Amino acid sequence: MEEQIISFTVAKLAKEKGFNEVSDGCFDKNGKKYSGMNHKNEIGKGVFSAPTQSLLQKWLREKYAIQVTPKYNTYNVYEGKYLGYQCEVYDFKNGSKIYKTYESYEKALEKGLQEALKLI
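Numbering (my numbering), first residue to last: 23 to 142.
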């Protein structure tokens with residue numbers, strides 16, 4: 023099983039918020055993804071780091087005390103239907119919680135990471 027790389031949209035937002043960790047891949051300014059490149063010296067020149075979702079999740083937790091946790095939600099009593107994956111974004115410093123629902127774990131995590139970056 024392969025880890026999911028964040029989207030270009032989330033990579034740009036992460037860079038704006040100070041994420042500049044080296045990863046196995048990167049995006050150019052047009053959103054084209056490259057892998058296996060050492061892009062450490064290129065990050066400030068229109069290149070965006072393309073880390074795995076779990077690496078960005080760890081960075082948010084360690085640097086900003088923001089926890090992003092996807093969970094499977096089997097049934098919503100109020101709507102009377104199955105909902106799929108729900109993502110909780112919790113800011114330990116400010117106590118805020120955000121819940122969103124998506125059809126897959128990876129999509130829930132991706133959107134949760136995006137929402138978490140917006141809290142910074």
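Note that CB positions come from ideal geometry on N, CA and C, so glycine has one too. Please read these numbers as outputs of a predicted model, since none were measured by experiment.
By the CB criterion at 7 Å, A138 and V69 fall outside the cutoff. For G134, the secondary structure class from DSSP, reduced to helix, strand or coil, is helix. Under the criterion of beta carbons closer than 8 Å, K119 and Q108 do not qualify as touching, at roughly 11 Å. For T91, no alpha helix (DSSP H) encloses it; the enclosing beta strand (DSSP E) starts and ends at 88-95. Between K39 and T74, the alpha-carbon positions lie close to 17 Å from each other. In the displayed model, K80 falls within a helix according to three-state DSSP. Around the CB of K140, fewer than 16 other CB atoms lie within 10 Å, so the residue is classed as exposed.
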